[in-house]
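Residue numbers (this note's numbering): 1 to 512.
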């Protein structure tokens, strides 16, 4: 019996000696250091890739952001203005009303954007439609200098969340923490340039409002202050120089990527239409009050996968787009031209100088009839892509350039009225009434020439116009009942002139 008990005791000791001893996890000590990432896009008008799928695409952006979040949970996505307009999809109708940016809100909601600020193109939309888009968004809006103009004065724009009306704040704060308990507050402010005046919009001075916003964030003891702006790069640099507490400005408006130094911070802008994005990596030492920011430009191209859940949303809207475009042309993605150098379709150029793209459009207009016209004119405001076309150009790109379409109208017009139209268009530089031209030039004395010859007041010329111009909207006196308009020819259904986009596509195909 004693022997049995002895063996049992030895066995019990052996079991206890082999049992793993679990260590109680030690809580990490707060080292005062924290890292996080801000992902920036700006001036995005198209949800799908461009140039036949080569560049851009919001589902690709979403994939990149998700990949970053796996390594750094403290990752946030921002839009530095200009995303609701212009776009080809936005001009189409669904359920009896124009889509007008609805597709972009749908996609951005699926991408989990953190914050946006207004760009000038947001105010292309009517007050009512803009309000709808803001209410549909799941992300926050923020601006320090843009307000809704009411009869009794300006007030903050509002957006609806869960039945509550929330004023658009002048600043926005993100409270961050990491695994060892380091916490900081990042304060963000936003301002927008006043280049798109509308009756329902009040623009306060962006410098004064930025100063107020930065002071507010400093008073709230923000550890880091960042700008999310839609200004010219010169204005962004001036802000960064004026307010040393700004650590970074994520900006929009220019469409080419740049990382511009100032005295105290850098101004970053990505390429338009999500051809690239910026990833800003912040390393902050709270104890030393030391900050390092590493900004890397990430190209978005066909080598990047698409996030499936976002791609489903993109595909839904692309189906609507394809169905409507195929009513006009059979193959929206046929390569019709190679743009080298790029074709300039930016707003600032289209509305201020004669561009190569404007030349191709008006040349196509002149050639769209059985008998070519002597010259052609289109208002720069008809060109809505606000971007450069680079490399292979597909038919769909021309629809994006001229989303409103319309006919090309051949007109017999007296020289005196023609010169008056040309003078008026030139005087409207900077607006949509500026004229892109084919066949016209000015001599050193500023006199207009057509095909290198003087324009005679009493002579009658055959000129191609966009049908919009003949409606008197941009040029009030240019209507069919003006006595200087001798005859207006209606385009035939079989001619390219029946749709200006067809005319441009056929012309580019013929010269590629």
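All C-beta atoms, glycine included, are put in the ideal place defined by N, C-alpha and C.
Supposed close pair residue i, residue j - CB separation, criterion 8 Å
i: residue 245; j: residue 268; result: 18 Å between Cβ atoms; not a contact.
i: residue 386; j: residue 345; result: 7 Å
i: residue 56; j: residue 318; result: Rounded, the Cβ-Cβ distance is 13 Å, inconsistent with contact.
i: residue 485; j: residue 411; result: 6 Å
i: residue 187; j: residue 173; result: 5 Å
i: residue 209; j: residue 144; result: 4 Å
i: residue 119; j: residue 252; result: 6 Å
i: residue 279; j: residue 260; result: Actually they do not touch by this definition, with Cβ atoms about 17 Å apart.
i: residue 226; j: residue 59; result: Going by Cβ atoms, the distance from residue 226 to residue 59 rounds to 26 Å, so no, they are not a contact pair.
i: residue 507; j: residue 360; result: 7 Å
i: residue 125; j: residue 84; result: 6 Å
Selection from the options that minimises the alpha carbon distance to residue i
i: residue 454; options: 338, 464, 418 and 349; result: 418
i: residue 257; options: 444, 411, 484 and 40; result: 40
i: residue 426; options: 403, 377 and 238; result: 377
i: residue 220; options: 195, 501, 189 and 390; result: 189
i: residue 406; options: 161, 133 and 504; result: 504
i: residue 276; options: 300, 289 and 261; result: 300
i: residue 379; options: 298, 365, 446 and 390; result: 365
i: residue 201; options: 212, 157, 179 and 180; result: 157
i: residue 357; options: 372, 388 and 368; result: 388
i: residue 355; options: 435, 105 and 337; result: 435
i: residue 160; options: 136, 125, 170 and 146; result: 136
i: residue 88; options: 132, 509, 265 and 501; result: 501
i: residue 281; options: 130, 253, 511 and 34; result: 34
i: residue 162; options: 176, 191, 134 and 142; result: 134
i: residue 369; options: 398, 490, 260 and 456; result: 490
i: residue 231; options: 326, 48, 196 and 428; result: 196
i: residue 42; options: 97, 30 and 104; result: 104
i: residue 289; options: 336, 185 and 398; result: 185
i: residue 117; options: 102, 100, 140 and 109; result: 140
N-terminal and C-terminal residue of the alpha helix (DSSP H) that residue i is part of
i: residue 398; result: 395 to 401
i: residue 422; result: 415 to 427
i: residue 193; result: It is not in any alpha helix (DSSP H) - residue 193 carries neither H nor E in the DSSP assignment.
i: residue 363; result: 356 to 366
i: residue 217; result: 206 to 219
i: residue 329; result: Run containing residue 329: none; DSSP gives neither H nor E here.
i: residue 512; result: Run containing residue 512: none; DSSP gives neither H nor E here.
i: residue 348; result: 347 to 350
Span of the beta strand (DSSP E) around residue i
i: residue 187; result: 183 to 189
i: residue 261; result: 258 to 261
i: residue 385; result: Where residue 385 is concerned, there is no enclosing beta strand (DSSP E), given that its DSSP letter is neither H nor E.
i: residue 433; result: Per DSSP, residue 433 belongs to no beta strand (DSSP E) and is neither H nor E.
i: residue 340; result: 335 to 344
i: residue 167; result: 164 to 167
i: residue 470; result: Where residue 470 is concerned, there is no enclosing beta strand (DSSP E), given that its DSSP letter is neither H nor E.
i: residue 228; result: 224 to 230
i: residue 173; result: 171 to 177
i: residue 378; result: 375 to 379
i: residue 77; result: 75 to 79
i: residue 85; result: Element bounds for residue 85: n/a, residue is neither H nor E.
Cβ-based burial, residue i [other Cβ within 10 Å; buried from 16]
i: residue 218; result: exposed
i: residue 449; result: exposed
i: residue 21; result: In this predicted model, residue 21 has a pLDDT of only 46, less than 50, meaning its place in the structure is not dependable; the value taken from the coordinates is given anyway. Exposed, since its Cβ has fewer than 16 Cβ neighbours within 10 Å.
i: residue 466; result: buried
i: residue 437; result: buried
i: residue 400; result: buried
i: residue 203; result: buried
i: residue 394; result: buried
i: residue 263; result: exposed
i: residue 82; result: buried
i: residue 444; result: exposed
i: residue 67; result: exposed
i: residue 150; result: exposed
i: residue 333; result: exposed
i: residue 497; result: buried
i: residue 430; result: exposed
i: residue 480; result: exposed
i: residue 19; result: At residue 19 the pLDDT is 41, less than 50, meaning the model places this residue with poor confidence and gives no usable figure here.
i: residue 371; result: exposed
i: residue 62; result: buried
i: residue 509; result: exposed
i: residue 308; result: exposed
Query raised in the report: Can you list, in chain order, the stretches of the beta strand (DSSP E) that have 3 or more residues and sit fully within the region 87 to 153?
Result: Correct list: 146 to 150.
Query raised in the report: Where in the region 234 to 318 do unbroken runs of the alpha helix (DSSP H), each at least 4 residues long, occur, reported from the N-terminal end onward?
Result: Listed in chain order, nothing qualifies, since the region 234 to 318 has no complete alpha helix (DSSP H) run of 4 or more residues.
Report task. Counting only runs of 3+ residues fully inside the region 33 to 64, write out the beta strand (DSSP E) ranges in chain order. Result -> Correct list: 33 to 41.
Report task. Only counting runs of 3 or more residues, tell me where the beta strand (DSSP E) segments fall wholly within the region 441 to 466, in order along the chain. Result -> Runs of the beta strand (DSSP E) inside the region 441 to 466: 448 to 450 and 460 to 466.
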